[in-house]
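Read through the structure below, which is laid out as structure tokens, and then see the notes.
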Amino acid sequence: MSPLAPLTDRLRGFTDWLMLGGAHAMELAELFEAACAELADAYPLDRVSLNLEVIHPELGGQGMEWRRGAELRRTHAPRGMEENPDYLYSPVRVVDETGQSFRAGIADGDMEMGILRRLWSEGFTDYLIVPLPFRDADRTAAISFATRQPGGFTSENVQELELVARALSPLVEARVMRIIATDLLSVYLGREPGLRVFDGQIRRGDYSSIFAAILFCDLRGFTAFTQANISRTVIARLNDWFGHACAAVEASGGEVLKFMGDGMMAIFPAQEMNPAEACGHALTAAATLEASVNAWNEVRPTDVPPLEYGLSLHLGYVAFGNIGGVRRLDFTVVGPAVNQAARMLDLAKQLERQVVVSQAFAGCSGRSFECLGSFDLRGLPKPEMVYAPQI
Numbered sequence: 041m042s043p044l045a046p047l048t049d050r051l052r053g054f055t056d057w058l059m060l061g062g063a064h065a066m067e068l069a070e071l072f073e074a075a076c077a078e079l080a081d082a083y084p085l086d087r088v089s090l091n092l093e094v095i096h097p098e099l100g101g102q103g104m105e106w107r108r109g110a111e112l113r114r115t116h117a118p119r120g121m122e123e124n125p126d127y128l129y130s131p132v133r134v135v136d137e138t139g140q141s142f143r144a145g146i147a148d149g150d151m152e153m154g155i156l157r158r159l160w161s162e163g164f165t166d167y168l169i170v171p172l173p174f175r176d177a178d179r180t181a182a183i184s185f186a187t188r189q190p191g192g193f194t195s196e197n198v199q200e201l202e203l204v205a206r207a208l209s210p211l212v213e214a215r216v217m218r219i220i221a222t223d224l225l226s227v228y229l230g231r232e233p234g235l236r237v238f239d240g241q242i243r244r245g246d247y248s249s250i251f252a253a254i255l256f257c258d259l260r261g262f263t264a265f266t267q268a269n270i271s272r273t274v275i276a277r278l279n280d281w282f283g284h285a286c287a288a289v290e291a292s293g294g295e296v297l298k299f300m301g302d303g304m305m306a307i308f309p310a311q312e313m314n315p316a317e318a319c320g321h322a323l324t325a326a327a328t329l330e331a332s333v334n335a336w337n338e339v340r341p342t343d344v345p346p347l348e349y350g351l352s353l354h355l356g357y358v359a360f361g362n363i364g365g366v367r368r369l370d371f372t373v374v375g376p377a378v379n380q381a382a383r384m385l386d387l388a389k390q391l392e393r394q395v396v397v398s399q400a401f402a403g404c405s406g407r408s409f410e411c412l413g414s415f416d417l418r419g420l421p422k423p424e425m426v427y428a429p430q431i
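Just so we're aligned: 339 in my numbering is position 299 of the sequence shown, and the numbers increase by one with no gaps anywhere.
Next up, the structure:
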């Protein structure tokens, strides 16, 4: 990075805006777009991009691109991007590996880096990318500036834009850390529990009572499969199964709360909808799961057994909150309704049914079901009527 430039009127105006213009209250996209608008009034900027490394199971990076007169565009890079030619031959890689700014006067399109060829073809004349000096040195981040101005950036422009990057860095890092934290909490706890934990609902015993459709499901024959296969194969099978189950629940607006061996618990809250709608979403998830698993079974390798599972649905009030030890908490749901849904899953296996539903669920759903009879469920005080979707 170049030696620090003096605090010119342009720089002073930008730093004053950062400190006094409400930037501290903005989310990342709003901050980036507003900062670009401020800078575009003082510098010959036609394109600004933000490139950020994140911690996410599916994403290796994300970014934003601002262009003069256009809407903000968001970008995402999948995990493994470091092997992608677009990254290997890019200014971002240069900055990531050297920690130094990189500038390229775009004279013609005959150059190795694809981004520079594209910018040249669009009439850009100069490109500068600057690392953002995050306190967490393990996370890479950079901001790039490009112009169509004849002759490109002046040396004073370059020095001042490097200072702009330094001024933006702590504000950007704080928001990136928030994104990483909420993403990881959502991945490991679920979207709603993750947001509640991040917002401070972390005291042991804190809970709220919610009305929800409750879904339990598990694989059949998994114990025998585990005994007959190595760990890698077992984990792959679990990932196949949970991939179908999670996608079905999430596509229907449900919240996956817990994995238990080969089993899964999810809820479809009814606070913002009537119970019939919550039941409808749960039934849609069950139908989506069946179709997804059937399609997978049809194309599975011949040496892989088909996925077979059971699923139960119930409706009732649950306590949604923090449970556990002093230093190890879980954010989950408990209560009689949860117990009944779990016991019904056991009954589905006994009855050799794929899906069973409770009387409360069947009655509120407004759908027609086949009555399977009244059954004693372990731990419950009286027999319960149980139903199944009509074939």
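All C-beta atoms, glycine included, are put in the ideal place defined by N, C-alpha and C.
On a predicted model such as this, the values are computed, not experimentally measured, just so you know.
Could you please give me the residues that DSSP links to residue i through a beta bridge?
i	result
Thr115	Gly103
Ser89	Glu105 and Ser184
Tyr247	Gly361
Gly303	Asp258 and Met300
Gly166	Reading the sequence as shown, one finds Asp at residue 166 and not Gly. Gly145 and Thr187.
Glu67	None, per the DSSP bridge assignment.
Thr372	Gly361
Gly356	Ala252
Cys411	Tyr427
Ser271	Answer is none; Ser271 lacks a bridge partner.
Phe308	Ala253
Leu47	Answer by DSSP bridge pairing: none, since Leu47 is not bridged.
Would you report the Cα separation of residue i and residue j, rounded to the nearest angstrom?
i	j	result
Gln380	Ala335	30 angstroms
Arg418	Arg383	7 angstroms
Ile146	Leu47	28 angstroms
Pro423	Gly365	34 angstroms
Arg393	Gly350	7 angstroms
Gly303	Phe256	7 angstroms
Ala448	Gly230	This structure does not reach residue 448, given that the chain is present from 41 up to 431, and the question cannot be answered.
Met41	Phe174	Per-residue confidence for Met41 stands at a pLDDT of 46, beneath the threshold of 50, marking its modelled position as unreliable; no derived number is given.
Pro376	Val358	8 angstroms
Trp57	Gln140	26 angstroms
Ala402	Gly294	18 angstroms
Asp343	Phe409	36 angstroms
Arg206	Ala181	12 angstroms
Met59	Leu203	15 angstroms
Val88	Ala287	35 angstroms
Ile363	Leu369	6 angstroms
Leu168	Ser292	45 angstroms
Glu348	Asn337	9 angstroms
Ala331	Ile95	32 angstroms
Val388	Gly406	Note on identity: in this sequence residue 388 is Ala, with Val being the wrong assignment. Each residue's alpha carbon lies about 22 angstroms from the other.
Glu290	Ala144	45 angstroms
Gly61	Arg367	40 angstroms
Ala285	Thr263	19 angstroms
Gly192	Leu79	16 angstroms
Val76	Phe238	Checking the sequence shown, residue 76 turns out to be Cys, not Val. If you take the alpha carbons of Cys76 and Phe238, they lie about 29 angstroms apart.
Nearest by alpha-carbon distance to residue i: which of the options is it?
i	options	result
Cys404	Leu412, His354, Ser332 and Pro423	His354
Tyr228	Phe371, Arg407 and Arg87	Phe371
Pro341	Ser398, Thr324, Gly293 and Asp280	Asp280
Gly361	Val132, Leu297 and Val134	Leu297
Ala69	Thr55, Leu92 and Met59	Leu92
Leu90	Phe72, His284 and Gly154	Phe72
Val395	Thr328, Leu51, Phe193 and Tyr129	Thr328
Arg157	Leu208, Asn314, Asp126 and Ala400	Asp126
Glu152	Leu128, Ala325 and Ser414	Leu128
Would you check whether the ligand SAH has a heavy atom nearer than 7 angstroms to the C-beta of residue i?
i	result
Asp176	The ligand SAH is absent from the structure shown, which contains no ligand whatsoever.
Does the Cβ of residue i have 16 or more other Cβ atoms within 10 Å, making it buried, or fewer, making it exposed?
i	result
Gln390	exposed
Gly301	exposed
Ser249	exposed
Cys411	exposed
Phe299	exposed
Arg236	buried
Ile270	exposed
Pro437	Residue numbering for the chain in the displayed model covers 41 to 431; residue 437 lies beyond these limits and cannot be assessed.
Gln430	exposed
Gly234	buried
Gly103	buried
Val426	buried
Ser130	buried
Val339	exposed
Asp49	exposed
Ser398	buried
Just checking: is the beta-carbon of residue i within a distance shorter than 8 angstroms of some beta-carbon in chain C?
i	result
Ala182	In the displayed structure, chain C is absent; only one protein chain is listed.
Taking one C-beta from the stretch 151-161 and one from the stretch 190-201 each time, how about it: are there three or more such pairs within less than 8 angstroms?
Cβ pair count under 8 angstroms is below three, so no.
Taking 8 angstroms as the threshold, find out whether the stretch 94-109 comes into contact with the stretch 245-260 through three or more Cβ pairs.
Under the 8 angstroms Cβ criterion, the stretch 94-109 does not count as touching the stretch 245-260, having fewer than three qualifying pairs.
Is there contact here, the stretch 177-187 with the stretch 82-99, by at least three beta-carbon pairs under 8 angstroms?
As far as the Cβ criterion goes, the stretch 177-187 touches the stretch 82-99, which means the pair count is three or higher.
Report yes or no: do the stretch 318-327 and the stretch 267-279 share at least 3 C-beta pairs separated by less than 8 angstroms?
With a cut-off of 8 angstroms, the stretch 267-279 and the stretch 318-327 do not count as touching, because too few Cβ pairs lie within range.
With three or more C-beta pairs closer than 8 angstroms as the rule, is the stretch 90-102 touching the stretch 206-223?
Contact between the stretch 206-223 and the stretch 90-102 is present, because at least three Cβ pairs lie under 8 angstroms.
Any contact between the stretch 236-247 and the stretch 305-312? By contact I mean 3 or more CB pairs, one from each, below 8 angstroms.
With fewer than three CB-CB distances shorter than 8 angstroms, the stretch 236-247 does not count as touching the stretch 305-312.
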